[in-house]
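Beneath this line is the structure, given in structure tokens, with notes to follow.
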Amino acid sequence: MALSDAAKIIVCLLYLGVISTAIAFVMWNRGLRLMNAAGSGLFFVFQPFVGTLLGWLILGEAIGFGFWAGVLLISASIWITIRYSD
1 MALSDAAKII
11 VCLLYLGVIS
21 TAIAFVMWNR
31 GLRLMNAAGS
41 GLFFVFQPFV
51 GTLLGWLILG
61 EAIGFGFWAG
71 VLLISASIWI
81 TIRYSD
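Okay, here's the thing in structure tokens:
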């Protein structure tokens, strides 16, 4: 028996809420507990680069000047953080 449109929407929302969001959130926070503050901060700063790169690889999104400027700024901030840390 096929699901109605409303049931399909509910199933999709449950998937997004439970699988994509809640489980990823729990895994992210457990991973951060295993790291120090400086290391977790670097991962937080690196997320826009990885997200844009995955959008290009998986979805075929265009990468422009803003992306490369962001990569340069993020890379410089990570380098400065690593270089001048304890």
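Counting along the sequence shown from 1, when you hit position 55 you're at 55 in full-length UniProt numbering, and nothing is skipped either side.
Idealized CB from N, CA, C, for every residue including glycine.
Under 8 Å between C-beta atoms of residue i and residue j
i          : j          : result
residue 32 : residue 40 : yes
residue 22 : residue 81 : no
Separation of residue j from residue i, as counted between CA atoms
i          : j          : result
residue 4  : residue 69 : 46 Å
residue 11 : residue 76 : 43 Å
residue 46 : residue 73 : 10 Å
residue 8  : residue 85 : 50 Å
residue 15 : residue 6  : 14 Å
residue 63 : residue 36 : 32 Å
residue 71 : residue 42 : 13 Å
residue 29 : residue 58 : 25 Å
Neighbourhood of residue i by C-beta, 8 Å cutoff - its chain only, sequence neighbours within 5 removed
i          : result
residue 61 : 52 and 55
residue 48 : 70 and 74
Mind listing, in chain order, the continuous alpha helix (DSSP H) runs of no fewer than 4 residues lying wholly within the region 36-60?
37-59
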